[in-house]
Amino acid sequence: MPPTGRTLPSLLARNAADRPDEPALSWRAPDGGWTTLTWSRVRDRVAELAGGYAALGVGPGDHVLLMMGNRPEHWLSDLALVHAGAVPTAVYDTAAPEQVAHIARHSRARLAVVGDAGAAAAWEDLLADPGVPLAALVVVDGADPGRGHTDYASLAAAPAGTAFDRRRDLTPDDLLTVVYTSGTTGDPKGVAVTHREVLANATALDASVELPEHPDHVCYLPLAHIAERMLGLYLPVFRASHVWMCDDLQDLPAVLRHVRPPQFFGVPRVWEKFASALRAELARLPEEERAAVDAATAVAAEHVAHRERGGEVPAALAERFERARAEVLLPLLAGVGLDRVTWAASASAPMPLDVVRFWAGFGVVVMDAWGLTESVGVATVNSPATGFRLGSVGRPIASVRVRVADDGEVWLRGESVFGGYLGPDGSVRPATDAGGWFATGDIGRLDEDGYLWITDRKKELIVTSQGKNVAPAPVENALKEHPIVGQAYVHGDRRPYLVALLVPDRETLPVWAASRGIDTGGDWEALVAHPEVAAEAERAVAAANARFSRAERVRRHRLLPGEWGPDTGELTPSLKLRRRVVRERYADALAELYGD
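Those letters in the sequence shown? Residues 9 to 604, by this note's numbering.
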């Protein structure tokens, strides 16, 4: 039977039968060691949990919300609820209370499962809200029955009954999950996704990427995001691979060094942070060692350039690359856990080309991919197996067709494009035109070789007061090419010219300052305000401006001392820039840049 004719539970049954003793899921225990479940033990644990959730009244078609971060209870519960016939939805653990309330009300969820008593606070009032059908709140750590909590540990004590067997009633066209968009603007929308659509995407992506049998995957991005749902949950079940949970982004470098996975997916901000850390480490090397690294990276970059053009790598160059890789590059990559990576990828936002080139100098080709929640993850991909163009987002996977409209908007159709949005009445409302095409809202172009190049979001295009259309992402990426600039926001809608807010890079700015004898005694704000730093920022803006037309140039800018992140609200949980939040939060600074 083809994968698209199956369901996720049928693949778990296959894995437990064919690979019962292979590792499936690992997580760090309180003592710092690792706990691992095999595929047969995953099946048994999922069966137990399916019974536990059924005992709480969860039935076929019921929606259940999970807000637990990247921990084993989340991963296992997700599968257990599917086996019980329910529809799980992951909620970002950084979601504001009003977002939690919107999702609970809109999804008509009967049950929510949260990580601890602190997280439960945002849900407790919803239990008594007549507009929300939430009937129970399961808490993993620190459950308090006096606050209406059900202890997660009690789920294993419930008899499995027939709940686990409900998987046999599932069809490929049943809902597998609802993924709520992260809400860069407006309320999140519920993207309804079926088993067939997920497995169509998994089949096509698997054919585009060459990986070893039973590959390791580090699961660290939010499971509420379609990228990690595909890479960290659905694809591992499809491939029978080994998932390593990382619940704290600060632990990612240590987990990567431990696992040394053959694949690694990072949104651009993650690749930028790793590049900044590695640049700072290289800057501290003695001159002789740094010269050896520079020579090795030049060889690697030349090697990647030959591969990118699709030509045969000359034997002499291949030999020099292998020597440089073994003697210089791999030891450095081992320090960040990327020495065994054969498929490195990025998506979610445009990748700065200087970051791509930096990693290419280490022989790591970061393959840009592109997709949306509505395309069930990846729609186009660069691949060592099928070809790549650095700077593009690759070619369509087999389950998707792509076309570009006259106004530059990219449209999609295909087997792995979603069926529609969940309505508040539980129905699924189609979002495609009569021909089955979905308007993505992204602006791009297809080149003569079929590679897609994304320039920006249609709704994020800046229209200046002179009527010039400017895509902010390329300008922001050009600004970030300077080592001391970590983050950038370009503004100018209905204004006569562009201005920018710049956030210095916390890894590279101190190294840059030390090399110039600048010492502010560890005072970060004093360093950001230092005249030499301001002068360097001016040079960074000038260098970026030299690449653009007059309408696309930044006229004025401001350095900000605070780093943007999900916790402070300027980035989504998947590390995309929330332009509206930045615009509103720094309205006074932007007004001053225009002399208002």
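C-beta atoms are modelled at their ideal positions from N, C-alpha and C, and glycine is treated no differently.
Sequence-distant residues of the same chain with beta carbon closer than 8 angstroms to tyrosine 61, five excluded per side | For this step, residue 61 is matched to residue 53 along the sequence shown. Around tyrosine 61: Val72, Ser85, Ala88, Leu89, Ala92, Ala94, Leu119, Leu163, Ala171.
From which residue to which residue does the alpha helix (DSSP H) around glutamine 107 run?
-> Counting from one through the sequence shown, the residue named residue 107 turns up at place 99. First-last of the alpha helix (DSSP H) with glutamine 107: 105 to 115.
Specify the secondary structure class of arginine 118 as computed by DSSP and reduced to three states.
-> Taking the sequence shown and counting its residues from 1, the one referred to as residue 118 is at position 110. Correct three-state label for arginine 118: coil.
From leucine 510 to histidine 538, what does the alpha carbon distance come to, in whole angstroms?
-> For the purposes of this step, residue 510 is taken as the residue at position 502 of the sequence shown. For the purposes of this step, residue 538 is taken as the residue at position 530 of the sequence shown. Between leucine 510 and histidine 538, the C-alpha separation is close to 15 angstroms.
Got a sec? Which residues, its chain only, sit under 6 angstroms from valine 199 by beta carbon, not counting five neighbours each side?
-> Here the question's residue 199 lines up with position 191 in the sequence shown. So the qualifying residues of the chain are Val187, Thr381, Glu382, Phe426.
Where does arginine 317 land, buried or exposed, given buried means 16+ other C-beta within 10 angstroms?
-> One-based indexing of the sequence shown puts residue 317 at position 309. Exposed is the call here.
What does cysteine 227 pair with, by DSSP beta-bridge criteria?
-> Here residue 227 corresponds to residue number 219 of the sequence shown, with the count starting at 1. Bridge partners of cysteine 227: Met253.
Nonlocal neighbours in the same chain, by C-beta distance under 8 angstroms from valine 245, ignoring five residues either side | In the sequence shown, counting from the first residue as 1, residue 245 sits at position 237. Once the five neighbours on either side are set aside, the close Cβ partners of valine 245 are Leu16, Leu19, Leu20, Asn23, Leu87.
Helix or strand or just coil, what does DSSP make of methionine 375?
-> Numbered from its first residue, the sequence shown carries residue 375 at position 367. Methionine 375 falls in the strand class under three-state DSSP.
Among Val344, Arg292, Val307, Val336, which has the Cα closest to the Cα of alanine 323?
-> Taking the first residue of the sequence shown as 1, we reach residue 323 at position 315. Looking at the Cα atoms, Val307 is the closest of the given residues.
Is the beta carbon of arginine 411 less than 8 angstroms from the beta carbon of glycine 345?
-> Taking the first residue of the sequence shown as 1, we reach residue 411 at position 403. Taking the first residue of the sequence shown as 1, we reach residue 345 at position 337. Not in contact: arginine 411 and glycine 345 (Cβ atoms no closer than 8 angstroms).
Indicate the three-state DSSP secondary structure (helix, strand or coil) for threonine 192 in the structure shown.
-> For this step, residue 192 is matched to residue 184 along the sequence shown. Because the pLDDT of threonine 192 is 48, which lies under 50, any placement of that residue in the model is unreliable, and the number read from its coordinates should be weighed accordingly. Note: threonine 192 maps to coil in three-state DSSP.
Burial state of glutamine 258 (16 or more Cβ within 10 Å) = As a working mapping, residue 258 is identified with position 250 in the sequence shown. Classification for glutamine 258: exposed.
Distance, glutamate 106 Cα to alanine 521 Cα = Here the question's residue 521 lines up with position 513 in the sequence shown. Here the question's residue 106 lines up with position 98 in the sequence shown. Approximately 43 angstroms between the Cα atoms of the pair.
When the Cα atoms are used, what is the spatial distance from leucine 506 to glutamate 560?
-> Position 498 of the sequence shown, counting from 1, holds the residue named residue 506. Position 552 of the sequence shown, counting from 1, holds the residue named residue 560. For leucine 506 and glutamate 560, the distance between alpha carbons rounds to 7 angstroms.
Are the stretch 119 to 133 and the stretch 211 to 223 touching by the rule of at least three beta carbon pairs closer than 8 angstroms?
-> no
Quick one: is valine 471 buried, meaning 16 or more other Cβ sit within 10 Å of its Cβ, or exposed?
-> As a first step, residue 471 must be located in the sequence shown, where it is residue number 463. Flag for valine 471 reads exposed.
When the Cβ atoms of the stretch 423 to 442 are set against those of the stretch 232 to 251, are three or more pairs found closer than 8 angstroms?
-> no
Just how far apart, CA to CA, sit leucine 567 and threonine 580?
-> Residue 567 sits at position 559 when you count from the first residue of the sequence shown. Residue 580 sits at position 572 when you count from the first residue of the sequence shown. Roughly 22 angstroms between the two C-alpha positions.
Using CA coordinates, which residue listed in Leu460, His311, Asp450, Gly77 is at the minimum distance from glycine 402?
-> On the sequence shown, residue 402 is found 394 positions in, with the first residue counted as 1. Of Leu460, His311, Asp450, Gly77, the residue nearest in Cα terms is Leu460.
At what residues does the beta strand (DSSP E) containing valine 401 begin and finish?
-> Residue mapping note: residue 401 aligns to position 393 of the sequence shown, counting from 1. Note, valine 401: premise wrong, no beta strand (DSSP E); not H, not E.
What residue does the beta strand (DSSP E) around histidine 538 start on, and which one ends it?
-> Within the sequence shown, numbered from 1, the residue matching residue 538 stands at position 530. Element bounds for histidine 538: n/a, residue is neither H nor E.
So who's on the other strand from glycine 428, going by DSSP bridges?
-> The sequence position of residue 428 within the sequence shown is 420, counting from 1. DSSP, once it has assigned bridges, lists Ala200 as partnering glycine 428.
Does DSSP put arginine 79 in a helix, a strand or coil?
-> As a working mapping, residue 79 is identified with position 71 in the sequence shown. Arginine 79 falls in the coil class under three-state DSSP.
Span of the beta strand (DSSP E) around histidine 565 | The sequence position of residue 565 within the sequence shown is 557, counting from 1. Here the beta strand (DSSP E) through histidine 565 covers 562 to 567.
Residue closest to proline 138, alpha-carbon to alpha-carbon, out of Ala353, Met253, Thr516, Ala117 | For this step, residue 138 is matched to residue 130 along the sequence shown. It is Ala117 whose Cα lies nearest to the Cα of proline 138.
Kindly indicate which residue of Pro276, Arg298, Ala368 has the alpha-carbon position closest to the one of histidine 314.
-> As a first step, residue 314 must be located in the sequence shown, where it is residue number 306. Taking only the C-alpha atoms, the option nearest histidine 314 is Ala368.
Indicate whether histidine 203 and leucine 178 have their beta-carbon atoms separated by less than 8 angstroms.
-> The count along the sequence shown starts at 1 and reaches residue 203 at position 195. The count along the sequence shown starts at 1 and reaches residue 178 at position 170. Result yes, Cβ atoms of histidine 203 and leucine 178 sit closer than 8 angstroms.
Are leucine 325 and serine 115 touching if we call contact CB-CB under 8 angstroms?
-> Walking along the sequence shown from the start, residue 325 turns up at place 317. Walking along the sequence shown from the start, residue 115 turns up at place 107. It is not a contact, given that the beta carbons lie outside the stated cut-off.
Residue from Phe396, Ala25, Phe272, Ser407 with nearest C-alpha to glutamate 205 | For the purposes of this step, residue 205 is taken as the residue at position 197 of the sequence shown. The residue with the shortest Cα to Cα distance from glutamate 205 is Ser407.
Distance, Cα to Cα, threonine 192 vs glutamate 335?
-> If you number the sequence shown from 1, residue 192 lands on position 184. If you number the sequence shown from 1, residue 335 lands on position 327. In this prediction, threonine 192 has a pLDDT of 48, which is less than 50 and means its spatial position is unreliable; what the coordinates show is noted afterwards. Approximately 45 angstroms between the Cα atoms of the pair.
Could you work out which residue in Pro518, Thr350, Gly525 is closest to aspartate 531 when comparing CA atoms only?
-> In the sequence shown, the residue the question calls residue 531 occupies position 523. Checking every option, the nearest Cα to that of aspartate 531 belongs to Pro518.
Per-residue DSSP class, three states only, for isoleucine 492 = Indexing the sequence shown from 1 puts residue 492 at position 484. In this structure, isoleucine 492 counts as coil in the three-state DSSP scheme.
Which residues bound the alpha helix (DSSP H) around glycine 59?
-> Along the sequence shown, read from residue 1 onward, the residue named residue 59 stands at position 51. From DSSP, the alpha helix (DSSP H) with glycine 59 extends over 47 to 63.
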